[in-house]
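Chains as they are written, first to last, in my numbering: chain Y, 1 to 169; chain P, 170 to 445. Before any comments, here is the structure.
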Amino acid sequence: MGIKFSFYVLLPLLLWLFFIKILEGTLFSFYLGDPFLALALVILSFKIFSFWVFLSLFFLGVFKGILLIGEIFWGVIFVLLGLAWEKFEKYFKLEGFKLKLILWSISIFLITLVNLFFFIYRLKIKINLELISSLILKFLVYFGLTYGWTLLLYLVIIKFSKLSYDKVE
Amino acid sequence: MSLKRFFLIFLVLTLVVFLGGIWYGLRKKGFFSEILGYVFSPLWKSGSFLGWELKSFYRDYLALVELKRENEKLKEEILKLRSELNLYREREALYQELERFYKISPFLSYPKVGARIILKPMDPFLGVIFIDKGSQDGILPQMPILSSAGEKGLTLVGQVVEVYRNWSKAILITDPSFAVDVVVQRTRDRGILKGKAEPLCNLEYLPLYSQVQPKDLIVTSGQDALFPPGLMVGEVVSVSREETQGLFKKAEVKPWVDLHNLGIVFVLIKTPEISF
């Protein structure tokens, strides 16, 4: 996964996702999930842990952070996620689609937890049962939508870049 | 991964965090937001404009199209006229909004800057908006953001947190890090209103003897030196006793501002009045 792939596949996708996030608040008026995390997970699924991949991950995190709060925080979190995937690949070998699905679930779960900790860190009220139930619901919405994005982007990248499931030109 | 590579990534990350922290500490704004925001703010503006236009197009035309098939030429003419009318309506709405705001805001002696919301990232854990005015318009962090709530008065929308050259980032009153000193208009009891990333906000530290009831109006007290007194915030929905601190009551407040349909806001050019 080099500059060519980043330029022809990742950049148009990123701009497309960015545009969807812009329209999210005005046109749709409801939360559409976290496509930046989804794109990061799809990139990691190709098991190539080069300098460009880590740079892409960092900037995907920065993009997520710019639209919210904590740009560098999210950049670092995404790079750490990449390092965790690399470590996992070294010991367990990323083979098969099923394993990818499981790894996506674990990654989204962990990032949702980070989101939750960030939320609780900023929260100024006491946490009660009502808030916990609302957080569980939000957790599920975030998880489900981001998982959907991951599957969609994975299929899009496979289709349009004519890649095999496990190889990248 | 070799130890050398791991050490290199760790070093780069530490350096980025360190430099980013210094940048934020000195300038109170993100380094990447400064650069990328400058590049992308026209895209946000056009995207937001397109979003609103598509929404109004859908609302104004698509529902009518199926009902008017009789004369294509006439329909085209009607659409053209409606398009113009829509444009004038938009201008009229903007004008009325500004007129209403300035009519009901003379008691606020601070200058105000009208701003369009260019980006509303929806997030289940935050409440953030981007506006199209920045440091070149005199905006500074912590300035209050207001909106007019019909004939009811001026209502608090949020607070500026990061200011860039031609755009700013603000948190809404529903954001979990937002807090404002408020007073119940009828009983004059003071409390602190806090957001929780939910449609309703929490009103805490109300005195135990407080006679606050649902439908009571909540306004800013001005005691926090950040927000001027008398700004409408919302109305009480429910009242209960604090579970852990028996000395206080708490309430849930529904903000008056319609955060979903918010398009134009006003930034009050007011810096915090800290007195010791």
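Here a beta-carbon is modelled for each residue, glycine too, at the ideal position from N, C-alpha and C.
Using beta-carbon distances, residue 401 (chain P) does not count as an interface residue toward chain Y, since no partner is under 9 Å. For residue 293 (chain P), the nearest beta carbon of chain Y is closer than 9 Å to its own beta carbon. Against chain P, the CB of residue 79 (chain Y) has a partner CB under 9 Å away; the residue lies at that interface. At a C-beta separation below 7 Å, residue 396 (chain P) has no neighbours in chain Y, since its nearest C-beta there lies roughly 16 Å away. Around residue 372 (chain P), the same chain offers 360, 362, 420 and 422 as residues with beta carbons nearer than 6 Å, after the five sequence neighbours per side are excluded. Between the segment 125-145 of chain Y and the segment 80-92 of chain Y, the count of C-beta pairs closer than 8 Å stays below three; the two stretches do not touch. Annotation for residue 12 (chain Y): no beta strand (DSSP E) segment contains it, though the alpha helix (DSSP H) segment containing it runs 11-23. For the C-beta of residue 216 (chain P), the chain Y residues within less than 7 Å are, from N- to C-terminus, 19, 22 and 23.
For residue 373 (chain P), the chain Y residues whose C-beta falls within less than 8 Å of its own C-beta are 125, listed in chain order.
Taking the CA atoms as reference points, residue 428 (chain P) sits about 13 Å from residue 295 (chain P). From the beta-carbon of residue 363 (chain P), the residues of chain Y found nearer than 7 Å are 124 and 125. In this structure, the CA atom of residue 430 (chain P) is about 9 Å from the CA atom of residue 25 (chain Y). Closer than 9 Å to the CB of residue 54 (chain Y) there is at least one CB belonging to chain P. Listed by position along chain Y, the residues whose Cβ is nearer than 7 Å to that of residue 376 (chain P) form an empty set, because the closest Cβ is around 18 Å away. With contact defined as three or more Cβ pairs closer than 8 Å, the segment 333-340 of chain P and the segment 298-307 of chain P are in contact. Annotation: Cβ neighbours of residue 68 (chain Y) in chain P (cutoff 7 Å, chain order): 290, 292, 295 and 297. Nearest CB-CB separation between residue 332 (chain P) and chain Y: not below the 9 Å threshold. As for any beta strand (DSSP E) of minimum length 3 sitting wholly inside the segment 288-323 of chain P, the runs are 297-300 and 313-317, ordered along the chain. Comparing C-alpha distances from residue 401 (chain P) to each of P:179, P:395, P:389 and P:258 shows the shortest one belongs to P:389. Interface residue (Cβ-Cβ distance to chain P less than 9 Å): residue 71 (chain Y) is classified as such.
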